[in-house]
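Below is one structure, written out as structure tokens; the observations come after it.
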Amino acid sequence: MKKFYTFENVIINLKQYWQKRGCLIFEPYNSEVGAGTFNPATFLRILDRKPWNVCYLEISKRPRDGRYAQNPLRFQQFYQCQVIMKPAPSDIQQIYLESLECLGVKLKEHEVRFVEDDWESPTLGAWGLGWEVWLDGLEVTQFTYFQQAGGVDLQIIPVEITYGLERMTMILQDVSSVFDVKWNNTLTWGDVYRQNEVEYSKYNFESAPPDLLLSLFNSYEDEAKRLLEEGLVYPGYDHAIKCSHIFNLLEARGTISISERAKYIGRVRALANQAAELYLRKNDEQATLPDD
Amino acid sequence: MSKQPYQMIDFLLEIGFEEFPPRFLKPAAEELTAKIENLLKEKKIFYRSIRTIYTPRRMGTLVLGLSRRQKPQIVEIQGPPKKFAYDAKGKPTDKLLGFMKAKKLKPSEIVSKRTKRGDYAYGRKEITGASTENILHSNIPRIIKSLEFPKTMVWNEKKARFPRPIRWIVALLDKKPLRFDYADVQANRYSWPNQHFSFKPIRLEKPREYINFLRHGGVVVDPNERKKIILTRLKQSVAKSKGKPVYSDAMIEEINCTTEYPEVVIGEFNPQYMKLPEEILMTVLRAHGNVIWIKDTNEFVYVFSAKKKALQNVQAGYSRVMEARLQDALFFYQNDTKTGLQSMQEQTKGMMWLKDLGTLHDKAVRLRDFAEVVKWLPSAENKALKRAALLCKADLLSEMVREKEFTSLQGIMGGYYAKASGESEQVAKTISEHYQPRFVGDTLPKTLVGACLSIMDKLDNVVGAFLSGNRPSGSYDPLAVRRNGYAVVRLLDDRTLDISLFRAIDKVLELYKKKFDISVLTEFFIERMTRYLQDKGYRYDEINAVLATWQGNVADARMRCEALKDFRDKPEFVKLVIGQKRVRNILKGVKKIAVINEELVKEPAEKDLLKVKARVGPNLAVMIDNKSYTEVLKLLLEMRSAIDKFFDDVLVMCKEVKLRDNRLALVNSISALFMQFADFSQIVIEGGKTQE
Chain A
256 MKKFYTFENV
266 IINLKQYWQK
276 RGCLIFEPYN
286 SEVGAGTFNP
296 ATFLRILDRK
306 PWNVCYLEIS
316 KRPRDGRYAQ
326 NPLRFQQFYQ
336 CQVIMKPAPS
346 DIQQIYLESL
356 ECLGVKLKEH
366 EVRFVEDDWE
376 SPTLGAWGLG
386 WEVWLDGLEV
396 TQFTYFQQAG
406 GVDLQIIPVE
416 ITYGLERMTM
426 ILQDVSSVFD
436 VKWNNTLTWG
446 DVYRQNEVEY
456 SKYNFESAPP
466 DLLLSLFNSY
476 EDEAKRLLEE
486 GLVYPGYDHA
496 IKCSHIFNLL
506 EARGTISISE
516 RAKYIGRVRA
526 LANQAAELYL
536 RKNDEQATLP
546 DD
Chain B
20 MSKQPYQMID
30 FLLEIGFEEF
40 PPRFLKPAAE
50 ELTAKIENLL
60 KEKKIFYRSI
70 RTIYTPRRMG
80 TLVLGLSRRQ
90 KPQIVEIQGP
100 PKKFAYDAKG
110 KPTDKLLGFM
120 KAKKLKPSEI
130 VSKRTKRGDY
140 AYGRKEITGA
150 STENILHSNI
160 PRIIKSLEFP
170 KTMVWNEKKA
180 RFPRPIRWIV
190 ALLDKKPLRF
200 DYADVQANRY
210 SWPNQHFSFK
220 PIRLEKPREY
230 INFLRHGGVV
240 VDPNERKKII
250 LTRLKQSVAK
260 SKGKPVYSDA
270 MIEEINCTTE
280 YPEVVIGEFN
290 PQYMKLPEEI
300 LMTVLRAHGN
310 VIWIKDTNEF
320 VYVFSAKKKA
330 LQNVQAGYSR
340 VMEARLQDAL
350 FFYQNDTKTG
360 LQSMQEQTKG
370 MMWLKDLGTL
380 HDKAVRLRDF
390 AEVVKWLPSA
400 ENKALKRAAL
410 LCKADLLSEM
420 VREKEFTSLQ
430 GIMGGYYAKA
440 SGESEQVAKT
450 ISEHYQPRFV
460 GDTLPKTLVG
470 ACLSIMDKLD
480 NVVGAFLSGN
490 RPSGSYDPLA
500 VRRNGYAVVR
510 LLDDRTLDIS
520 LFRAIDKVLE
530 LYKKKFDISV
540 LTEFFIERMT
550 RYLQDKGYRY
560 DEINAVLATW
570 QGNVADARMR
580 CEALKDFRDK
590 PEFVKLVIGQ
600 KRVRNILKGV
610 KKIAVINEEL
620 VKEPAEKDLL
630 KVKARVGPNL
640 AVMIDNKSYT
650 EVLKLLLEMR
660 SAIDKFFDDV
670 LVMCKEVKLR
680 DNRLALVNSI
690 SALFMQFADF
700 SQIVIEGGKT
710 QE
């Protein structure tokens, strides 16, 4: 008989799997992010030369992807399981495939394809080479060897593995719509999130006030600059993340033209780069401090 | 001692990596094999056969029937002249003995050889070849390192560069692995199977086991065999279907580069999506790699690379994904139709086109104003052109085209939305085809109005690129200006439009309201023109001759080249060219040309030439107007004997200044007649004398 995997069990299983592989189990960031990469546990920690293995759930917000709960595969907020291993183990691909088996995907009965997809986040000044991983045609993971972050060449190459948990579970449960995904034995994803999807689609596309957003963007940017100049990496970077989310909202709202778009991205990237440099500088200072 | 230098052995090199970018794969694998083949040839190592291997997770070379050693080489070293090498009794002299000692030669290795400078003693010996093992061992890592790729990465502290991480290397010479380290990978005898089959390495005793052992591991290593399997399975699977699968060679090659073990499945989507425009359907399906639409049906074929047991899951999965994607496309399509093209056109006011050159809306207005001068179109068509020009960039604001996956549908979507917004069929069609040709070799717009808008848009792109500092140089051409320029030339010729490209550029500059050195643009188009005419098969000297006097009319230049090409085979052609070269030569260095004074024309040959000129001149003008270029050439040829006679009988560079100036003026007027057609002095006559 086919074993049944609830949404929550998928999350628990993945955390356990990566815990056994030596990852620190971390938790989501506490403000809106577009991807697990924005979490300081990835963006800042991959910059230095120290080993860093971590796994955490991230709630990713993509305002433009909302569909008023009308599309079975598109929604404006989804769960990611983010894994960073630095340095990347040489058998990482197999470790990843075994994580799928641990979730109940028998490789002999499915097709897993690594489809070339060089990932880039212009907002974070980060890019890497890798793939989208398709499980029976559905994109379930982004698999990337980072080369650069915050405009800095990485000294130790980390691998980033990002699972899309809703899609992953859809395959495991053999359902066609995210709304039918069983969260636990009594409630579905739709029960938990349908209203949220409808309302946020409305907010993102129709109700979000552009003027307020623009002024928030400017304020957060000023604050990020001030904090970074004061030498505060984490609070400064936190405000850069806020800018990034505001920018995503502005884009969903359709108030940003193509040329302006590049400018806004450039402004957030400048903050991210500044945070990365500051992080590395403080890291070097710590490394050179004499022991007490 | 049983030495068997010619005993045959086999060699396998397999570089294993994580899934390779498909478009890099085949060229890289072929480069690897070519380099190994070159090495073997250069080192004189015999082999019977060599083949290239690649799958998404490996590439390599399998060499069968290799000799164990390099072919022995005969080396000859020149010694002293024979007369100094032996004494009167025929015994070796000290000179020869010294030579032998220095070169370590035995008496049996000394031969005599006749050279241009007399007989010499030569040392001649056979050098045993180095072992194939040593040669491969010391060269293979270098060859791997020398492979070139468009894009590479690093993945560990060794910082070696490759498109994706190298995870294993098989380097097996017969039963023995060649031991070397590359990017932290130790070469050995272990290959790896298709991951859907097993995670256990495959131990290879010898290279000949490779193909079959790997097949058992779910890997067809030979790309040609895989391609055959794909095509056969594809045919079998659609045998019962009502439609035909739509695919190109390039698609099959891409599928080949993304599968290790091809299996085929047919999927389905809800027939309601068949109402989406065909281009959208195709784009949605094709964007999802390895999917081939069966035209006119709601079915598609997918080639996968796992166990056959996976078929049902794959079928269900792909059908589900396609359904969702089509639903997404329908969502965009319906939203866009609701918004309407007119409203998107309004939004282009907020959309910057190129830095410092205004918005997309500004561009559209420029195109519409440009259309004003296309007065030779019938008024209904001119009206359609103006309307289409104004609307043609609006779809860039549509949700569909803004989506990365559908960007390639720009123009095509504009056409659909125009129709939906109540624009005329002609306006819709014009918008739809105005990006054509989108790439080299793409089809041209089917309608004249579409071709006009395409030319105008591309001219605007080219001029805009130069104005904004994006002028192409070397491999730098970020805005694809060269492709745009070439397309303009191609379109103008295809429609034989009687338009001067130079005047059109002037107009575009005027519309931009910018000052710019037009000669830079003229030069750019002369280069594009040269390229175009070369591609049409004209010789470089014909092209140079025609373009030296070119006024910017593309089709006209092509017709002149054609006439020249035809005329070239005729015996008179050489005479025509030589006549003209004489004229040009004598005019070289002459700065000021006087007006012909007929009273100073005295010699009979002079008078004759003047008469001929007076007769030919007006006729020539008429023929050139009619573009009867073959006739033009015949007419010019008629002057030939008069020119010859003139040069034979009359001394142009005579001492009397007035007379000389007058004769030069006459010669110049003849030259001017020729120049109305082309600069004949650019023609190169082979084999014959081209000077007087």
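As given, the protein sequences belong to chains A and B, one line each in that order. The numbers in our numbering rise by one with no breaks, and the one at position 186 of the first sequence is 441. The numbers in our numbering rise by one with no breaks, and the one at position 559 of the second sequence is 578. For each residue, glycine too, the CB sits at the ideal point set by N, CA and C.
- Going by beta carbons, Ser-165(B) and Gly-35(B) fall outside the 8 Å limit.
- For Ile-285(B), the enclosing beta strand (DSSP E) begins and ends at 282-287.
- Looking only at Ala-439(B), Phe-323(B), Ala-325(B), Leu-410(B), the smallest Cα-Cα distance to Asn-354(B) is reached by Ala-439(B).
- DSSP places Glu-318(B) within a strand segment (E or B) once states are collapsed to three.
- Only exposed fits Asp-113(B), as fewer than 16 other CB atoms lie within 10 angstroms of its CB.
- Using a CB distance below 9 Å, no part of the stretch 488-511 of chain B faces chain A.
- Three or more Cβ pairs closer than 8 Å define a contact, and the stretch 303-314 of chain A falls short of that threshold against the stretch 445-452 of chain A.
- It is roughly 43 Å from the alpha-carbon of Cys-278(A) to the alpha-carbon of Pro-497(B).
- Non-local beta-carbon contacts of Asn-275(B) in its own chain, meaning distances under 7 Å to residues more than five positions away in sequence, involve Pro-242, Arg-245, Lys-246, Ile-249 in chain order.
- When DSSP states are grouped into helix, strand and coil, Ile-314(A) belongs to the strand group.
- Within chain B, no C-beta atom comes less than 7 Å from the C-beta of Phe-460(A); the nearest is roughly 10 Å away.
- Around Asp-680(B), the same chain offers Ala-613 as residues with beta carbons nearer than 7 Å, after the five sequence neighbours per side are excluded.
- Within chain A, the residues His-365, Glu-366, Trp-389, Leu-390, Asp-391, Gly-392, Leu-393, Ile-426 have their CB atoms less than 9 Å from the CB of Gly-336(B), given in chain order.
- Contact of Ala-383(B) with chain A is not assigned, every C-beta pair being separated by 8 Å or more.
- If you check the CB distance, Thr-568(B) and Met-694(B) come in under 8 Å.
- Interface criterion met: the Cβ of Ser-324(B) is under 8 Å from a Cβ in chain A.
- In the structure shown, Gln-205(B) adopts extended strand secondary structure according to DSSP, grouped into three states.
- For Glu-422(B), no alpha helix (DSSP H) encloses it, and the DSSP letter there is neither H nor E.
- Within the stretch 617-663 of chain B, complete beta strand (DSSP E) segments of at least 3 residues are not found at all.
- Taking 8 Å as the cut-off, the beta carbon of Gly-419(A) is found closer than this to the beta carbon of Val-395(A).
- Residues of the stretch 328-361 of chain A whose Cβ lies closer than 7 Å to any Cβ of chain B, in chain order: Leu-328, Arg-329, Pro-342, Ala-343, Ser-345, Gln-348, Gln-349, Leu-352.
- Counting of Cβ neighbours within 10 angstroms places Val-539(B) among the exposed residues, the total staying below 16.
- Contacts with chain A at 8 Å (Cβ-Cβ) include Met-172(B).
- For Trp-273(A), the uninterrupted alpha helix (DSSP H) segment begins and ends at 262-275.
- Under the 8 Å criterion on CB atoms, Gly-308(B) is classed as interfacial with respect to chain A.
- Beyond the five residues adjoining it in sequence on each side, Leu-352(A) comes within less than 7 Å, by CB distance, of Leu-362, Val-367 in the same chain, given in chain order.
- Setting aside the 5 residues that flank it on each side, Trp-386(A) is surrounded in the same chain by Phe-369, Val-370, Glu-371, Asp-372, Phe-398, each with a C-beta closer than 7 Å to its C-beta; the list follows chain order.
- DSSP places Cys-498(A) outside any beta strand (DSSP E); the residue lies instead in the alpha helix (DSSP H), whose first and last residues are 488-507.
- Using beta-carbon distances, Gln-403(A) does not count as an interface residue toward chain B, since no partner is under 8 Å.
- Straight-line spacing of the CA atoms in Asn-285(A) and Tyr-334(A) works out to 14 Å.
- Counting only runs of 3+ residues, the beta strand (DSSP E) found wholly inside the stretch 386-460 of chain A occupies 393-404, 414-419, in chain order.
- Note that the stretch 192-203 of chain B does not touch the stretch 88-99 of chain B; fewer than 3 beta-carbon pairs, one per stretch, sit closer than 8 Å.
- Residues of the stretch 371-385 of chain A whose Cβ lies closer than 7 Å to any Cβ of chain B, in chain order: Glu-371, Leu-384.
- Taking C-beta atoms under 8 Å as the contact rule, Val-527(B) and Phe-389(B) qualify, at a distance of about 7 Å.
- Secondary structure note for Pro-465(A): it is in no beta strand (DSSP E), and the uninterrupted alpha helix (DSSP H) holding it is 465-484.
- If you draw a 10 Å sphere on the C-beta of Gly-521(A), you find fewer than 16 other C-beta atoms in it, and that means exposed.
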